[in-house]
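In the order they appear, the protein sequences are chains A and B. Under our numbering, the first residue of the first sequence carries the number 1, and numbering increases by one thereafter. Under our numbering, the first residue of the second sequence carries the number 285, and numbering increases by one thereafter.
Protein chains: 2
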Amino acid sequence: MRSLANHPAARGLTDDAAVLPVGNETLILTHDAMVERVHWMPGQDMADVAWKLVATNLSDLAAKGAVPIGILLGYTLGEQEERFVAGLRAALTAFECPLLGGDTVSGCDGARSLGLTAIGRAVHTPVPSRSTAQPGDTLFVTGALGAAMMGFEALQRHGADHSGADSAAFRCPTPLLSEGQALAPIVTAMMDVSDGLLLDSWRLATASGVTLVIATEEVPIAAPEDRRSDALRWGDDYQLLFTAPLSAKLPVNAAPVGTVEEGEVPLILDGLPVTDSSRLGFAH
Amino acid sequence: MRSLANHPAARGLTDDAAVLPVGNETLILTHDAMVERVHWMPGQDMADVAWKLVATNLSDLAAKGAVPIGILLGYTLGEQEERFVAGLRAALTAFECPLLGGDTVSGCDGARSLGLTAIGRAVHTPVPSRSTAQPGDTLFVTGALGAAMMGFEALQRHGADHSGADSAAFRCPTPLLSEGQALAPIVTAMMDVSDGLLLDSWRLATASGVTLVIATEEVPIAAPEDRRSDALRWGDDYQLLFTAPLSAKLPVNAAPVGTVEEGEVPLILDGLPVTDSSRLGFAH
């Protein structure tokens, strides 16, 4: 598939979103799909599924410092349609993002799948990329990791239709749109943490051709200390991971968690080089 | 869902595509989904499925007189991945349209579904709409209807993996991009015929608040004469249906098939008013 993406806007399909200059604007385009039993559990409130579908796509826009313009939805008819529309309405209202179009199709048998395309407008060019981290920079993350993991486990304990606050981070993540917009002029590289801090750091390092040296005990977590290793490997938190000079005046709270160095190996964790990404996180 | 689409670009979800002014350009955005067993048969060559997924989306751009800028793909892993990529490559090359991004997700059990978002740039503003047919205009169609129906029936006779020319119109339709671009400055209303000439005429009439008076024997068909009624109700032909003054100098071949009149009833077929769209065509 990657060989088809030879347009510069596609960024080789290795970035969070496509970056497309159109006239005097720069558009940010992203499409994420969600499949029942892979991305959500049967029995989950479809309002939460709709919210998450919107939020995860808008998180890709956040990583590009973009303002949402609208979404297009691919929707498979099925159960809980009213709940889905309610969740969609809540998310679009919360993020001030209109539904521009899409397609509704008859249900297939088996698991449902949903697709969403989000379109945004860059507030700053050049648009932040994964591939431009500079040796000498510091690696930052905007907040604690592991909240979605704890939320998922609460949902497993209570049942898929549980709607308590203890599972909200998994069910209803928040894309950090204003944070991404504020950071865009300052960062040297940025992405959202969708598949775990360690795996996404590996990807940022690989795209930039640098080594990220991470002190794992510096990473803020939203989980018990004995779950630190899991919290750094679990996805779905949608914090922003970025590099910037240590002297940069940051417009948002962010924790320094490592440094950017020259090197061949993408990651050095607590002094140990990592040469294989297979145990770093969650790949869909 | 329609109540969420209150942005003017969404055109109330009743048009072929969203029309979004961005800076000094006007973007055309559309998203179509395809589901196995609903939109294609198990056993069909996935190269044809990929081609058709691209072609049907680009046909929506054609109806808006747009030049394709790129696509985003939502792809569910499954069988025949190499064939899918081959068909995708063929379509993107034929229509000079790059892959900009998308998402690949693990397969669900049961039927696969695919989604595609196409983005285009309008070559003429105002962008053609379904809702602006004018009483006094003539209704035209760019070519013969029923070719996809005959192709589908050939596929049913020979088996889903048949690849003969007699099924090509169903398997590999061609979006009329250059025709749409040439017609955009001339038409008063335009859409592509995806769900059958009669049902799509009903929709154009309803959106415009006019009556379309169609002489069914004037409609060019690509099927035996005794299948005329079916050919006018079968979808998937992707001809362009448009209204224009009879005196307009058309830049492409098109057959006059009816007239636009004032009235409450959307369609008059061979002198008979049609007040119910349920038997006019194929609704997904």
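Note that the Cβ used here is the ideal one computed from N, Cα and C, for glycine as well.
According to DSSP, is M41(A) helix, strand or coil? The answer is coil: DSSP assigns M41(A) none of H, G, I, E or B.
What's the gap between the Cα of W324(B) and the Cα of R455(B)? 9 angstroms
Are the Cβ atoms of S492(B) and A473(B) separated by less than 7 angstroms? yes
Below 9 angstroms on C-beta distance, what does G354(B) contact in chain A? H7, A9, A10, A18, L20, L29
Determine the chain A residues that contact V389(B) at a beta-carbon separation under 8 angstroms, and present them in chain order. A33, M34, V35, V38, H39, S113, H284
Taking all protein chains shown into account, do 16 or more other C-beta atoms lie within 10 angstroms of the C-beta of P459(B), making it buried, or fewer, making it exposed? buried
Just grab the DSSP bridge partners of V67(A) for me. Its beta-bridge partners are R121(A).
Per DSSP, which one or two residues make a beta bridge with M474(B)? BP columns for M474(B) point to F526(B).
Please tell me whether, using a cut-off of 6 angstroms, the distance from the CB of D560(B) to the nearest non-hydrogen atom of the ligand SAM is below it. By its list of ligands, the structure shown contains no ligand whatsoever, and the ligand SAM lies outside what it can speak to.
So P98(A) contacts chain B; which residues on that side make the cut at Cβ distance below 8 angstroms? L288, A289, N290, H291, A293, A294
Proximity of D237(A) and V193(A) at Cβ, strictly below 7 angstroms: yes
Suppose you measure from the CA of L272(A) to the CA of I312(B); what does that come to, to the nearest Å? One alpha carbon belongs to L272(A), the other to I312(B), and they sit about 50 angstroms apart.
Count the other C-beta atoms from every protein chain shown that fall within 10 angstroms of the C-beta of K336(B), then say buried if there are 16 or more, exposed otherwise. buried
Measuring straight from C-alpha to C-alpha, what distance separates H284(A) and L177(A)? With a pLDDT of 45 at H284(A), under the threshold of 50, the modelled position of this residue cannot be trusted, and the question is left open.
So does the stretch 394 to 408 of chain B actually touch the stretch 326 to 343 of chain B, counting three or more Cβ pairs closer than 8 angstroms? yes
Own chain partners of M46(A) with C-beta closer than 6 angstroms, once the 5 adjacent residues on each side are dropped: Q80, R83, F84
Smallest Cα separation from V123(A): which of P457(B), E509(B), E548(B), G307(B)? G307(B)
Output yes or no for whether 7 angstroms exceeds the beta carbon distance between A33(A) and L383(B). no
Flag this pair as yes or no: are the beta carbons of G196(A) and A63(A) separated by less than 7 angstroms? no
Find the residues of chain A that neighbour T360(B), judging by a C-beta separation of less than 8 angstroms, and give them in chain order. Listed along chain A, the residues sitting closer than 8 angstroms to T360(B) by beta-carbon distance are A33, V35, S113.
Give me the residue from V265(A), D48(A), A9(A), T30(A) with the minimum Cα distance to T211(A). Out of V265(A), D48(A), A9(A), T30(A), V265(A) has the C-alpha closest to the C-alpha of T211(A).
Mark H31(A) as exposed unless 16 or more other C-beta atoms lie within 10 angstroms of its C-beta, in which case mark it buried. buried
Taking one C-beta from the stretch 131 to 151 of chain A and one from the stretch 239 to 258 of chain A each time, how about it: are there three or more such pairs within less than 8 angstroms? In short, these stretches touch, since the Cβ pair count reaches three.
Which residues in the same chain have their Cβ closer than 8 angstroms to the Cβ of V411(B), if we skip the five residues on either side of it in sequence? Excluding positions up to five away in sequence, the list reads V303, T310, I312, K348, G349, A350, A468.
Neighbour flag for R487(B) against chain A, beta carbons, 7 angstroms: no
Taking buried to mean at least 16 other C-beta atoms within 10 Å of its own C-beta, is E501(B) buried or exposed? Here E501(B) is exposed. Its C-beta has fewer than 16 other C-beta atoms within 10 Å.
Determine which residues share a DSSP beta bridge with D387(B) and list them. G358(B)
Tell me the DSSP secondary structure of F95(A) in three-state form. It is coil, neither helix nor strand.
List the whole-angstrom C-beta distance separating V497(B) from E545(B), where the pair is believed to meet the contact cut-off of C-beta under 8 angstroms. 6 angstroms
Could you pull out every residue in the same chain whose Cβ sits closer than 6 angstroms to the Cβ of A144(A), ignoring the five residues on either side in sequence? P220, I221, A222
The beta strand (DSSP E) enclosing V210(A), as first and last residue numbers: Where V210(A) is concerned, there is no enclosing beta strand (DSSP E), given that its DSSP letter is neither H nor E.
Check the Cβ of G464(B) against every Cβ in chain A and list those closer than 8 angstroms, keeping chain order. Residues of chain A passing the Cβ test: none, with the nearest at roughly 18 angstroms.
Look at the alpha carbon of D60(A) and the alpha carbon of D161(A), and state the distance between them as a whole number of angstroms. Those two C-alpha atoms are separated by around 27 angstroms.
Give me the residue from D554(B), S561(B), P305(B), L357(B) with the minimum Cα distance to L483(B). Here the closest residue by C-alpha is S561(B).
Determine the burial state of S3(A): buried for a count of at least 16 other Cβ atoms within 10 Å of its Cβ, exposed for fewer. S3(A) counts as exposed, since fewer than 16 other C-beta atoms from the protein chains shown sit within 10 angstroms of its C-beta.
CA-CA distance, R233(A) and G146(A)? Put simply, the backbone Cα of R233(A) is about 8 angstroms away from that of G146(A).
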